[in-house]
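Colleague: Below are the structure tokens for one structure; questions will follow.
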Amino acid sequence: MSTETKWQLAACIGENPELWFKERSRTVDAVADTRYAKDVCHNCLIRSECLDDAMRVEGRIGPDSRFGIRGGLTGYERANLRRRLVAMQLKAKAA
Ligand code: SF4
Numbered sequence: 002m003s004t005e006t007k008w009q010l011a012a013c014i015g016e017n018p019e020l021w022f023k024e025r026s027r028t029v030d031a032v033a034d035t036r037y038a039k040d041v042c043h044n045c046l047i048r049s050e051c052l053d054d055a056m057r058v059e060g061r062i063g064p065d066s067r068f069g070i071r072g073g074l075t076g077y078e079r080a081n082l083r084r085r086l087v088a089m090q091l092k093a094k095a096a
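Here the sequence shown is numbered in this note's numbering, starting from 2 and rising by one per residue.
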């Protein structure tokens, strides 16, 4: 599947993109919007590819530089995932 074709399967197409960038607000509406965006992501056919792409593009940047929900995870959640992956790689190398 081409990259272009892959992104045409994104479940967020046609959705309000602002809902994917409210993760840092704790208002009731923002929390509900974030929950909605994550639900859309969890039903997306290309969720794993989207998350892989975000992790690759964001690389080593910290949680404060990661914005928006991608692959169903917030920027902070992706930073935590990155830390866990690095810890697992270091553990595997030491074994
Ligand atoms: S995983 Fe979420 S952000 Fe990524 S393409 Fe799918 S719906 Fe959009």
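In this text, a Cβ means the ideal position worked out from N, Cα and C, and glycines have one as well.
Rounded C-beta distance between Ala-12 and Asn-44? I'm assuming under 8 Å.
Modeller: 6 Å
Colleague: If Gly-76 and Phe-68 are in contact, beta carbons under 8 Å, what's the gap, nearest whole angstrom?
Modeller: Contact holds; Cβ gap of about 5 Å.
Colleague: For Ala-97, collect the residues of the same chain with a Cβ closer than 7 Å to its Cβ; drop the 5 residues on either side in sequence, then sort them by chain order.
Modeller: Outside the displayed range of the chain (2 to 96) lies residue 97, so it cannot be described from this structure.
Colleague: For Leu-20 and Asn-81, I'd like the C-alpha separation in whole angstroms.
Modeller: 22 Å
Colleague: Should Gly-63 be counted as a contact of the ligand SF4 given a C-beta to heavy atom distance under 7 Å?
Modeller: no
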